[in-house]
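Enquirer: Okay, handing you the structure first.
Protein chains: 2
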Amino acid sequence: MAGSTPSLDKIVALLRRLPGIGPRSAQRIALDLLLRKRELMPQLALALQQAHQAIRHCERCNNLCEDALCSICSSGRRDRTILCIVESPADLLAIEDSAAYQGEYFVLMGHLSPLDGIGPDALHLDLLEKRLAEEGLQEVIFATNSTLEGEATAQFVAALVPEGLRVTRIARGIPMGGELEYLDRSTLGRAVQGRAALES
Amino acid sequence: MAGSTPSLDKIVALLRRLPGIGPRSAQRIALDLLLRKRELMPQLALALQQAHQAIRHCERCNNLCEDALCSICSSGRRDRTILCIVESPADLLAIEDSAAYQGEYFVLMGHLSPLDGIGPDALHLDLLEKRLAEEGLQEVIFATNSTLEGEATAQFVAALVPEGLRVTRIARGIPMGGELEYLDRSTLGRAVQGRAALES
Ligand SMILES: [Zn+2]
Ligand SMILES: [Zn+2]
Chain X
1 MAGSTPSLDK IVALLRRLPG IGPRSAQRIA LDLLLRKREL MPQLALALQQ AHQAIRHCER
61 CNNLCEDALC SICSSGRRDR TILCIVESPA DLLAIEDSAA YQGEYFVLMG HLSPLDGIGP
121 DALHLDLLEK RLAEEGLQEV IFATNSTLEG EATAQFVAAL VPEGLRVTRI ARGIPMGGEL
181 EYLDRSTLGR AVQGRAALES
Chain H
1001 MAGSTPSLDK IVALLRRLPG IGPRSAQRIA LDLLLRKREL MPQLALALQQ AHQAIRHCER
1061 CNNLCEDALC SICSSGRRDR TILCIVESPA DLLAIEDSAA YQGEYFVLMG HLSPLDGIGP
1121 DALHLDLLEK RLAEEGLQEV IFATNSTLEG EATAQFVAAL VPEGLRVTRI ARGIPMGGEL
1181 EYLDRSTLGR AVQGRAALES
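Residue numbers (my numbering), protein chains in the order written: chain X, 1 to 200; chain H, 1001 to 1200.
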């Protein structure tokens, strides 16, 4: 654009390809960097290069890591009897953020989606079967998304779990703070079906 | 965080310092880069480095540029008889985006703000006075923000304009699509005072 510069236009064009960043906010971010946070530019450039080179997948659970094993698989303080299967690292981090889980994870890096041509080959099931065969495992929790694809993926992958292990699904129901009149029918129906004894 | 990696944490921490990016969206952007747009990471790193090194200020109008003069000052197709004074490159780009102006600009890179210790020294007035002394200039438009600081800045800088030049202020009034009942009193008051003949 007139009044801009080629380097500025380039940064704006790249930022626009990131999630949640429209043309206006891409320009605002680029100008904020150039005019007020210039020292951040080489720092961010270096961090991007380092992450691009260093980050790969854990050889045991498929989570993101920088060594052979991720920080959870190498921690030694996690409960190895429970394995939680998630679709993505973002889902893993959300569960960690809840501080409600001390077991381990397996990250599928996707879900089955026949319409998009995503079949079982994409889900790293060889690695999962190795993990499922480890000694001491007692329970497998499916924490895939509550979408058609997430449910189908849980169903499909559950068939790989060896006999004798407990297989569970994270609870579906009304979200904390959720107001019934604004919830969709299927969430509410599932919440009624899954009712539990009132804690008092 | 457990389950994350040092390089990922570093990118997230840097992204959070950018405008409009909270912790959740910083993580979403970082994971999107790592998992789906990995080829963008070195491209963005390079663009940041290049912009950091190349971008400086136009020697004539103080806008951002990569050579001695910005793309507007070096265009040869702009009306040099009109000079529009703005606070920032973002304001300049917004006016360019409106396609309503063919003159030239001067970018103050800020506004007077005594409470924040920002005085006239910050506004590159030496450079502005050089521009104001150029032959052929006929009108100076003040397009500073319609804030206390922007108005005070326009008042202060207007005193530097040589006699004989027309001095104007961009119109204040109700925005296009603005509904009167939702506008603040001062905008509405200004719009009534500044009323013009109905175009038919
Ligand atoms: Zn791992
Ligand atoms: Zn210029």
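C-beta atoms are modelled at their ideal positions from N, C-alpha and C, and glycine is treated no differently.
#1: Look up Leu1132 of chain H in the DSSP assignment and give the residues it is bridged to.
#2: Would you give the residue range spanned by the alpha helix (DSSP H) that Ile1029 of chain H belongs to?
#3: Tell me the DSSP secondary structure of Val161 of chain X in three-state form.
#4: Could you check how far apart the C-beta atoms of Pro19 of chain X and Asp1032 of chain H are, in whole angstroms? I think they sit under 8 Å.
#5: Tell me the DSSP secondary structure of Arg1056 of chain H in three-state form.
#6: Could you check if Asn1063 of chain H belongs to the surroundings of ligand 1, using beta carbon to heavy atom distance under 7 Å?
#7: Provide the residue span of the alpha helix (DSSP H) that contains Gly189 of chain X, from first to last.
#8: Does the contact criterion of 3 or more C-beta pairs under 8 Å hold for the stretch 1084-1093 of chain H versus the stretch 1101-1112 of chain H?
#9: What residues of chain H sit near Cys65 of chain X, judged by a beta carbon separation below 9 Å?
#10: Count the other CB atoms, across all protein chains shown, that sit within 10 Å of the CB of Thr153 of chain X; report buried if there are 16 or more and exposed otherwise.
#11: Distance check for Met109 of chain X and Thr144 of chain X, CA to CA, integer angstroms please.
#12: Taking C-beta pairs closer than 8 Å, name the residues in chain X that Ile1029 of chain H reaches, listed in chain order.
#13: Using the three-state DSSP reduction, which class does Tyr1101 of chain H fall into: helix, strand or coil?
#14: Please classify Thr1081 of chain H as buried or exposed, where buried requires at least 16 other C-beta atoms within 10 Å of its C-beta.
#15: Quick check on Lys1280 of chain H - is its C-beta less than 8 Å from some C-beta in chain X?
#16: So with CB distances below 8 Å, who are the chain X contacts of Lys1130 of chain H?
#17: Short of 7 Å in beta carbon distance, which residues of its chain neighbour Tyr1101 of chain H, apart from the five on each side in sequence? Order them along the chain.
#18: Going along chain X in order, which residues have a C-beta closer than 7 Å to the C-beta of Ser1025 of chain H?
#19: Quick check: what's the CA-CA separation for Met1176 of chain H versus Val1192 of chain H?
#20: For Ile1072 of chain H, decide whether its Cβ has a neighbour in chain X, counting only Cβ atoms nearer than 8 Å.
#21: Please list, in chain order, all residues of the same chain as Glu1059 of chain H whose beta carbon is under 7 Å from its beta carbon, the five residues on each side excluded.
#22: What residues from the stretch 85-105 of chain X come within 8 Å of chain H, judged by C-beta to C-beta, listed N to C?
#23: Assuming Arg1038 of chain H and His52 of chain X make a contact with CB atoms under 8 Å, what is their CB distance in whole Å?
#24: Hey, Ala1064 of chain H and Ile1055 of chain H: beta-carbon distance below 8 Å or not?
#25: Is any heavy atom in ligand 1 found nearer than 7 Å to the beta carbon of Cys84 of chain X?
#26: I think Leu165 of chain X touches Glu139 of chain X, with their Cβ atoms under 8 Å apart; what is that distance to the nearest whole Å?
#27: Hey, how far is the Cα of Asp97 of chain X from the Cα of Pro23 of chain X?
#28: Would the beta-carbon of Leu69 of chain X be found less than 7 Å away from any heavy atom of ligand 1?
#29: What separation, rounded to the nearest whole angstrom, lies between the Cα atoms of Arg1185 of chain H and Gly1150 of chain H?
#30: Pull up the DSSP beta-bridge partners for Ile85 of chain X, would you.
#31: Hey, Ala1047 of chain H and Ser146 of chain X are a contact pair by Cβ (cut 8 Å); roughly how many whole angstroms apart?
#32: Specify, as a first and last residue, the run of the beta strand (DSSP E) that Arg1166 of chain H falls within.
#33: Does the beta-carbon of Ile72 of chain X, which I'm using as the reference point, lie nearer than 7 Å to any heavy atom of ligand 1?
#34: DSSP on Leu112 of chain X, reduced to helix/strand/coil?
#35: Determine, using beta carbons only, whether Gly1127 of chain H and Leu40 of chain X come nearer to each other than 8 Å.
#36: Please decide whether Pro1042 of chain H counts as near chain X, where near means a Cβ-Cβ distance under 8 Å.
Expert: Judging by the given coordinates:
#1: Position 132 of the second sequence, counted from the first residue, corresponds to residue 1132 of chain H. Looking at the DSSP assignment, Leu1132 of chain H forms no beta bridge with any residue, so it has no partner.
#2: Looking up residue 1029 of chain H in the second sequence gives position 29. Start and end: Pro1023 to Leu1035.
#3: Here residue 161 of chain X refers to the residue found at position 161 of the first sequence. Three-state DSSP puts Val161 of chain X in coil, outside helix and strand.
#4: Looking up residue 19 of chain X in the first sequence gives position 19. Looking up residue 1032 of chain H in the second sequence gives position 32. That belief holds up - the Cβ atoms of Pro19 of chain X and Asp1032 of chain H are roughly 5 Å apart, short of 8 Å.
#5: Start at 1 with the first residue of the second sequence, and residue 1056 of chain H comes out as number 56. DSSP places Arg1056 of chain H in strand when its eight states are reduced to three.
#6: Your numbering for residue 1063 of chain H matches position 63 in the second sequence. No, the Cβ of Asn1063 of chain H stays beyond 7 Å of every heavy atom of ligand 1.
#7: Counting from 1 along the first sequence, the entry for residue 189 of chain X is found at position 189. Where Gly189 of chain X is concerned, the enclosing alpha helix (DSSP H) stretches over Arg185 to Gln193.
#8: Cβ pair count under 8 Å is three or more, so yes.
#9: For the purposes of this step, residue 65 of chain X is taken as residue 65 along the first sequence, with counting starting at 1. Residues of chain H passing the Cβ test: Thr1005.
#10: Looking up residue 153 of chain X in the first sequence gives position 153. Buried is the call here.
#11: As a working note, residue 144 of chain X is residue 144 in the first sequence. As a working note, residue 109 of chain X is residue 109 in the first sequence. One C-alpha to the other measures close to 11 Å.
#12: What you label residue 1029 of chain H is simply residue 29 of the second sequence in a count that begins at 1. In chain order: Leu18, Pro19, Gly20 and Ile21.
#13: Residue numbering aside, residue 1101 of chain H sits at position 101 when the second sequence is read from its first letter. DSSP places Tyr1101 of chain H in coil when its eight states are reduced to three.
#14: Taking the first residue of the second sequence as position 1, residue 1081 of chain H is located at position 81. With fewer than 16 other Cβ atoms within 10 Å, it is exposed.
#15: With chain H running from 1001 to 1200 in the structure shown, residue 1280 of chain H is simply not present.
#16: Translated into positions along the second sequence, residue 1130 of chain H becomes position 130. Within chain X, no residue comes near Lys1130 of chain H; the closest Cβ sits about 20 Å away, beyond 8 Å.
#17: Locating residue 1101 of chain H in the second sequence gives position 101, where the first residue counts as 1. Cys1084 and Ile1095.
#18: Numbered from 1 along the second sequence, position 25 holds the residue referred to as residue 1025 of chain H. Going along chain X in sequence order, the residues near Ser1025 of chain H (Cβ under 7 Å) are Gly20.
#19: Within the second sequence, residue 1176 of chain H is the residue found at index 176, counting from 1. Within the second sequence, residue 1192 of chain H is the residue found at index 192, counting from 1. So the alpha carbons of these two residues sit roughly 15 Å apart.
#20: Your numbering for residue 1072 of chain H matches position 72 in the second sequence. Yes, Ile1072 of chain H counts as interfacial toward chain X.
#21: Residue 1059 of chain H sits at position 59 when you count from the first residue of the second sequence. Ala1068 and Leu1069, listed in sequence order.
#22: Ser88, Pro89, Ala90, Leu92, Leu93, Glu96, Asp97 and Tyr105
#23: Position 38 of the second sequence, counting from 1, holds the residue named residue 1038 of chain H. Position 52 of the first sequence, counting from 1, holds the residue named residue 52 of chain X. That belief holds up - the Cβ atoms of Arg1038 of chain H and His52 of chain X are roughly 7 Å apart, short of 8 Å.
#24: By one-based count along the second sequence, residue 1064 of chain H stands at place 64. By one-based count along the second sequence, residue 1055 of chain H stands at place 55. Inspection of the sequence shows that residue 1064 of chain H is occupied by Leu rather than by Ala. Yes, they are a contact pair.
#25: Residue numbering aside, residue 84 of chain X sits at position 84 when the first sequence is read from its first letter. Not under cutoff, so the answer is no.
#26: The sequence position of residue 165 of chain X within the first sequence is 165, counting from 1. The sequence position of residue 139 of chain X within the first sequence is 139, counting from 1. Going by Cβ atoms, the distance from Leu165 of chain X to Glu139 of chain X rounds to 6 Å, so yes, they are a contact pair.
#27: Taking the first sequence and counting its residues from 1, the one referred to as residue 97 of chain X is at position 97. Taking the first sequence and counting its residues from 1, the one referred to as residue 23 of chain X is at position 23. The straight-line gap from Cα to Cα measures roughly 31 Å.
#28: Here residue 69 of chain X refers to the residue found at position 69 when the first sequence is read from its first residue. Yes - ligand 1 has a heavy atom lying nearer than 7 Å to the Cβ of Leu69 of chain X.
#29: By one-based count along the second sequence, residue 1185 of chain H stands at place 185. By one-based count along the second sequence, residue 1150 of chain H stands at place 150. Within the model, the alpha-carbon separation for Arg1185 of chain H versus Gly1150 of chain H is close to 19 Å.
#30: For the purposes of this step, residue 85 of chain X is taken as the residue at position 85 of the first sequence. In the DSSP output, where bridge partners are listed per residue, Ile85 of chain X has X:Phe106 and X:Phe142.
#31: Position 47 of the second sequence, counted from the first residue, corresponds to residue 1047 of chain H. Position 146 of the first sequence, counted from the first residue, corresponds to residue 146 of chain X. With 8 Å as the limit, Ala1047 of chain H and Ser146 of chain X do not qualify as a contact, their Cβ atoms being about 38 Å apart.
#32: Within the second sequence, numbered from 1, the residue matching residue 1166 of chain H stands at position 166. That run of the beta strand (DSSP E) goes Arg1166 to Arg1169.
#33: Locating residue 72 of chain X in the first sequence gives position 72, where the first residue counts as 1. Yes, the Cβ of Ile72 of chain X comes within 7 Å of a heavy atom of ligand 1.
#34: Here the question's residue 112 of chain X lines up with position 112 in the first sequence. Three-state DSSP puts Leu112 of chain X in coil, outside helix and strand.
#35: Position 127 of the second sequence, counted from the first residue, corresponds to residue 1127 of chain H. Position 40 of the first sequence, counted from the first residue, corresponds to residue 40 of chain X. The identity of residue 1127 of chain H in the sequence shown is Leu, whereas the question assumes Gly. No; because the gap between Cβ atoms is not below 8 Å, this pair is not in contact.
#36: In the second sequence, counting from the first residue as 1, residue 1042 of chain H sits at position 42. Taking a beta-carbon distance threshold of 8 Å, Pro1042 of chain H counts as an interface residue toward chain X.
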